[in-house]
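Take a look at the structure below.
There are 2 protein chains.
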Amino acid sequence: MRIEIICTGDEVLTGKIVNTNFSYMSQKLEDVGLSVQWETTVGDNRVDLLEAFQLAGQRADAVVVNGGLGPTVDDLSQEIAAKAAGDELVLHEGWLARMAEMFRRRGRVMSVNNHKQAMLPSKAEMIDNPVGTACGFAIDIGKARFFFTPGVPRELRRMFEEQILPRLLARSGQETAIYLKRFHSYGLGESHADALLTGVEEIVPDGSVKLGFRAHYPQLETKLTVRGANMADIRAKLEPVVQEVRQRLGNFILAEDEQTLEGVVLTQLIARQATLAVVETFTGGQLAARLAPLPGAETVFRRGTVARSLAEISTAVGLADAPGTGALTSDVAETVARAARRQTGATHALAVLVDMEEGADRIDLSGTICLAIATEHDTVSRHSRLAGGREWVRLGAIEMGLDCLRRYLQGLPLYERTDFEKTDEKA
Amino acid sequence: MRIEIICTGDEVLTGKIVNTNFSYMSQKLEDVGLSVQWETTVGDNRVDLLEAFQLAGQRADAVVVNGGLGPTVDDLSQEIAAKAAGDELVLHEGWLARMAEMFRRRGRVMSVNNHKQAMLPSKAEMIDNPVGTACGFAIDIGKARFFFTPGVPRELRRMFEEQILPRLLARSGQETAIYLKRFHSYGLGESHADALLTGVEEIVPDGSVKLGFRAHYPQLETKLTVRGANMADIRAKLEPVVQEVRQRLGNFILAEDEQTLEGVVLTQLIARQATLAVVETFTGGQLAARLAPLPGAETVFRRGTVARSLAEISTAVGLADAPGTGALTSDVAETVARAARRQTGATHALAVLVDMEEGADRIDLSGTICLAIATEHDTVSRHSRLAGGREWVRLGAIEMGLDCLRRYLQGLPLYERTDFEKTDEKA
């Protein structure tokens, strides 16, 4: 089945808005084993909209149109859809009543402009929008079924997942049960993970499991798309593959599905009624900013301390004879972590200290990372060197700090060589 | 002149990469008074590429194609360009020599694959790429001039600004001198700023000044695009308009052109050899993260302290009888700021303390912000209420904190009602 997407609107066409609606839809389709073949962006312009609809209607089997369903005069999707389909607009009484009800509940008066949002082509199938005033609709243009969706991301996402995807899957004639299993890791590059997972698709011989990756440094997402007759069938197919992926990627898997690294760390700390102090230098508050704002962190996140120099950090955590006068070592990081824990009374302290190479930023600029975790009875540390310029090292240091805390809390070794490190030397 | 853009590549088409190259190019064109009329994205696929080139060649006067110039077999732009233009590929000896030289300088051996990057249509004009191995080129297809550019953002940006834009301006027959003047503000909504600036375009009666906006909460960018015969002409036209914009937007202008709010604050602090301590609660390290990592901040950023509770913040800055037991007021913020300054020995301290409404996140959830700035002889504060949910309040509090520090350092009043506040009450 050939699928096209048409994005509309001057704000997208002029680049005022980055088109994340498109990448969202395309990824969602990939996740269920469908693919977009062609994408078109046009402005709020009758001539271009009509031509885009007609061209896509000649080429595709299904077309998703995004945007142009609002109440203002530059929202033209219904009008041009009717024209392209050789149809005319009629008032959809059902949607008008739904809108009136929405406004009543919010204590507001519906504007006359909103009536326009209930004008649909007479042959269209209305598609519900439970979170906004722009309903979607479906209609045939040329040889394709067109699905019209709202431009507001929150409204698009709800409608796309609940209503458009099932319709597309049904039209594609695929088994409609599809499941996406995701693994998040830190420390493995895409090609390394791909090599480690050679052959896992073949564990299910009928080809219904597809392996994919999405790299967003420093994390890598490993995806398994599984198709089946129903969810029981999918679970049976998926189970041995998931076990195999978990074993091959091992301790590098930091979270699965909707979980995040910071969420896993927070859950672990909450489970043991722990509190946390964070100390950081080069990362400049970005490590604290991953954990402190999370819901549930109020009782866990005790204190974050940020400075640019080791000497200032040492003073801040109450170390009199500052270790900051010497070079950065794992011992220094351990001393700082212990002091931060004592000072704040937290059960756990994480110190991530970075010595960044001087000079103009360039791709091979490197940094030394010394991180340590202290508890009442225990102190552990890890030493590493990352290269790739300031921002690359900064992002890597934050991720390594959080991931080492995750490993510590889960009883896993802190040291496993990552693909991003220059060496795996211990300091 | 009708301009189209064609983006190529499976990673963009499948949504693995968000298409920021397109929004970048479209904005750059808008900034010089040109507009994109139509955008197409296709994958690394001969049939679709050829059709996309042919369709655009029938409709447009100029087409920019992005991507597909790499050394691997799925990079097809040169091949399909030649086919669409009825031309054939020939080796461009000049570019081959340039590539060989690049590899030599980096101490690496050029792969045979790279030869492919020097194969251009025989009628093409080669376009230099000073920062990569993918040269661009221009060729006529249908009635349009096509410009082929590399997909790597850094390479695209250099080539687009230095080589593609001047060629497009020349073809458009416009006066080629164009200048973009930008003002950055915090506290004004787009419609408010638009109303404040009514009529400024008419200060230059020939219509050569165009006003535009780009809102990215919490900041608003106000843009003046000016065309002229040459830069002297532009300067003469622009000067009275810039004066008028500065006067009408007044103290809300926090930076101009390439400057940033945090950069302006840092420059002010460096100029008076000052040092800074930052204390924050709900913003969770994100305030420190705006300033601490900046080049030049090593000597200025003394210490950042982050906690979730007022009591913990009070303890952290060395206040014995914690003000955190009572409600959050401007007095409390002033006490905390003074204590943070004393504790760290910094010349300036900024405290941004937020009392966020409890409950599930929703669009009308509000927060109280009390911020204070302390120096040796002076303490000032500002009180505010923002509504819009947790993330909205968090971003607003960070921006208001930095902007109040900017106002203090520039000798401007801290209090001026913003469009985002619920009230302008003083606490």
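Note that the protein sequences, when read in sequence, are chains X and V.
First residue of the first sequence? That's 0 in numbering that gives the first Met the number 0, and the numbers climb one at a time after it.
First residue of the second sequence? That's 0 in numbering that gives the first Met the number 0, and the numbers climb one at a time after it.
Ideal Cβ placement from N, Cα and C applies to all residues, glycine included.
Bear in mind the structure is a predicted one, so any value in this text is a computation, not a measurement.
Next on the checklist: According to DSSP, simplified to helix, strand and coil, what is L488 (chain X)?
Outcome noted: Residue 488 (chain X) cannot be examined here, being either before or after the span of chain X that is shown, 0 to 426.
Next on the checklist: So G283 (chain X) contacts chain V; which residues on that side make the cut at Cβ distance below 7 Å?
Outcome noted: As a first step, residue 283 (chain X) must be located in the first sequence, where it is residue number 284. Taking a Cβ-Cβ cut-off of 7 Å, the neighbours of G283 (chain X) in chain V comprise A287, A288, A291 and P292, given in sequence order.
Item to check | is_contact[R406 (chain V), chain X] using C-beta, thresh 8 Å | outcome: Here residue 406 (chain V) refers to the residue found at position 407 when the second sequence is read from its first residue. No, R406 (chain V) does not count as interfacial toward chain X.
Next on the checklist: Do V240 (chain V) and I428 (chain V) count as a contact pair if the criterion is CB distance below 8 Å?
Outcome noted: Outside the displayed span of chain V (0 to 426) sits residue 428 (chain V), for which this structure offers no information.
Item to check | Listed by chain order, chain V residues near T19 (chain X) by CB distance under 7 Å | outcome: For the purposes of this step, residue 19 (chain X) is taken as residue 20 along the first sequence, with counting starting at 1. Ordered by position in chain V, the residues that pass the 7 Å Cβ test against T19 (chain X) are V17.
Checklist entry - Does the beta-carbon distance from A143 (chain X) to V62 (chain X) come in below 8 Å? => result Taking the first sequence and counting its residues from 1, the one referred to as residue 143 (chain X) is at position 144. Taking the first sequence and counting its residues from 1, the one referred to as residue 62 (chain X) is at position 63. In contact: A143 (chain X) and V62 (chain X) (Cβ atoms closer than 8 Å).
Checklist entry - According to a CB-to-CB cut-off of less than 8 Å, which residues of the stretch 295 to 321 of chain V neighbour chain X? => result A296, E297, F300, R301, R302, G303, T304, V305, A306, R307, S308, E311 and A315
Item to check | Boundaries of the alpha helix (DSSP H) in which F52 (chain X) is found, first to last residue | outcome: As a working mapping, residue 52 (chain X) is identified with position 53 in the first sequence. Here the alpha helix (DSSP H) through F52 (chain X) covers R45 to R58.
Checklist entry - So which residues of chain X does Q36 (chain V) contact, with C-beta pairs closer than 9 Å? => result Within the second sequence, the letter at position 37 stands for residue 36 (chain V). Per Cβ cutoff of 9 Å: L12, V41, G42, N44 and D47.
Next on the checklist: Looking at chain V, is there any beta carbon in it that lies within less than 8 Å of the beta carbon of Y216 (chain X)?
Outcome noted: Residue numbering aside, residue 216 (chain X) sits at position 217 when the first sequence is read from its first letter. Cβ-Cβ to chain V under 8 Å: no for Y216 (chain X).
Item to check | Interface residues of chain V facing E427 (chain X) [CB-CB closer than 8 Å] | outcome: Since the first residue of chain X shown is 0 and the last is 426, residue 427 (chain X) is not available in this structure.
Checklist entry - On the premise that L48 (chain V) lies in contact with L75 (chain V), defined as a C-beta separation below 8 Å, what is that separation, rounded to the nearest angstrom? => result Numbered from its first residue, the second sequence carries residue 75 (chain V) at position 76. Numbered from its first residue, the second sequence carries residue 48 (chain V) at position 49. About 6 Å; that satisfies the 8 Å criterion.
Checklist entry - What is the rounded straight-line gap between the Cα of R245 (chain X) and the Cα of I252 (chain X)? => result Taking the first sequence and counting its residues from 1, the one referred to as residue 245 (chain X) is at position 246. Taking the first sequence and counting its residues from 1, the one referred to as residue 252 (chain X) is at position 253. Each residue's alpha carbon lies about 7 Å from the other.
Next on the checklist: Strictly under 8 Å for the Cβ-Cβ distance: is A426 (chain X) near chain V by that measure?
Outcome noted: By one-based count along the first sequence, residue 426 (chain X) stands at place 427. Only weak support exists for where A426 (chain X) lies, its pLDDT of 39 falling under 50; the value from the coordinates is given anyway. Output row for A426 (chain X): interface = no.
Item to check | Cross-strand partners of F182 (chain V) (DSSP beta bridge) | outcome: Along the second sequence, one-based indexing puts residue 182 (chain V) at 183. According to DSSP, F182 (chain V) bridges with V:T221 and V:E255.
Item to check | Q162 (chain X): first and last residue of the uninterrupted alpha helix (DSSP H) it sits in | outcome: Stepping through the first sequence from its first residue, residue 162 (chain X) is reached at position 163. Note, Q162 (chain X): premise wrong, no alpha helix (DSSP H); not H, not E.
Item to check | Contact the stretch 274 to 282 of chain V vs the stretch 348 to 355 of chain V: 3+ CB pairs below 8 Å | outcome: yes
Checklist entry - Which residues in chain X sit within 7 Å of S121 (chain V), going by Cβ to Cβ distance? => result In the second sequence, counting from the first residue as 1, residue 121 (chain V) sits at position 122. Within chain X, no residue comes near S121 (chain V); the closest Cβ sits about 29 Å away, beyond 7 Å.
Next on the checklist: Counting only C-beta atoms, is S22 (chain V) closer than 8 Å to chain X at any point?
Outcome noted: Against the second sequence, residue 22 (chain V) aligns to sequence position 23. By this cut-off, S22 (chain V) is an interface position.
Checklist entry - Taking the alpha carbon of Q53 (chain X) as the point to measure from, which residue in X:A273, X:V199, X:R301 and X:A81 has its own alpha carbon closest? => result By 1-based counting over the first sequence, the position of residue 53 (chain X) is 54. Minimum Cα distance to Q53 (chain X) is reached at X:A81.
Checklist entry - Within 7 Å: the Cβ of F251 (chain X) and any heavy atom of the ligand FMN? => result Of ligands this structure carries none, so the ligand FMN is not represented either.
Checklist entry - Rounded to whole angstroms, how far is the Cβ of G227 (chain V) from the Cβ of Q285 (chain X), which I believe are closer than 8 Å? => result For this step, residue 227 (chain V) is matched to residue 228 along the second sequence. For this step, residue 285 (chain X) is matched to residue 286 along the first sequence. Not quite, the Cβ-Cβ distance comes to about 43 Å (not below 8 Å), so this is no contact.
Checklist entry - Which first and last residues belong to the beta strand (DSSP E) in which E279 (chain V) is found? => result Working through the second sequence from its first residue, we reach residue 279 (chain V) at position 280. Element bounds for E279 (chain V): L275 to E279.
Next on the checklist: So F300 (chain X) and R307 (chain V) are supposed to be a Cβ contact under 8 Å. How far apart are they, rounded?
Outcome noted: For the purposes of this step, residue 300 (chain X) is taken as residue 301 along the first sequence, with counting starting at 1. For the purposes of this step, residue 307 (chain V) is taken as residue 308 along the second sequence, with counting starting at 1. Rounded, the Cβ-Cβ distance is 5 Å, consistent with contact.
Checklist entry - Any idea what DSSP makes of C134 (chain V), helix, strand or coil? => result As a first step, residue 134 (chain V) must be located in the second sequence, where it is residue number 135. Three-state DSSP puts C134 (chain V) in coil, outside helix and strand.
Next on the checklist: Can you tell me where the beta strand (DSSP E) holding A348 (chain V) begins and where it ends?
Outcome noted: Reading the second sequence from its first residue, position 349 is the one you call residue 348 (chain V). That run of the beta strand (DSSP E) goes H347 to M355.
Item to check | Given G400 (chain X) as reference, the closest of X:E29, X:I368, X:G295 and X:A96 once Cα atoms are compared | outcome: Counting from 1 along the first sequence, the entry for residue 400 (chain X) is found at position 401. Comparing Cα-Cα distances from G400 (chain X) to each of X:E29, X:I368, X:G295 and X:A96, the minimum goes to X:I368.
Checklist entry - Which two residues bound the contiguous beta strand (DSSP E) that contains L370 (chain X)? => result In the first sequence, residue 370 (chain X) corresponds to position 371, counting from 1. Its beta strand (DSSP E) spans residues S365 to A373.
Checklist entry - Under the DSSP definition of a beta bridge, which residues are partnered with F300 (chain X)? => result Taking the first sequence and counting its residues from 1, one reaches residue 300 (chain X) at position 301. BP columns for F300 (chain X) point to X:L275.
Next on the checklist: Pairs of beta-carbons, one from the stretch 122 to 132 of chain X and one from the stretch 146 to 157 of chain X, closer than 8 Å: are there three or more?
Outcome noted: yes
Next on the checklist: Tell me which residues share the same chain as R247 (chain X) and place their Cβ nearer than 7 Å to its Cβ, disregarding the 5 neighbours each side in the sequence.
Outcome noted: Locating residue 247 (chain X) in the first sequence gives position 248, counting from the first residue. For R247 (chain X), where only same-chain residues beyond five positions count, the Cβ hits under 7 Å are L195 and L196.
Checklist entry - Can you give the Cα-Cα distance for R1 (chain X) and M98 (chain X), rounded to whole angstroms? => result Here the question's residue 1 (chain X) lines up with position 2 in the first sequence. Here the question's residue 98 (chain X) lines up with position 99 in the first sequence. If I take the Cα positions, the gap works out to 34 Å.
Item to check | Nearest neighbour of R302 (chain V), chosen from X:P292, X:T282 and X:I163 [CA to CA] | outcome: Counted from its first residue, the second sequence places residue 302 (chain V) at position 303. Nearest C-alpha to R302 (chain V): X:T282.
Next on the checklist: In the DSSP output, what is A176 (chain X) paired with across the bridge?
Outcome noted: Taking the first residue of the first sequence as position 1, residue 176 (chain X) is located at position 177. Partner(s): X:G227.
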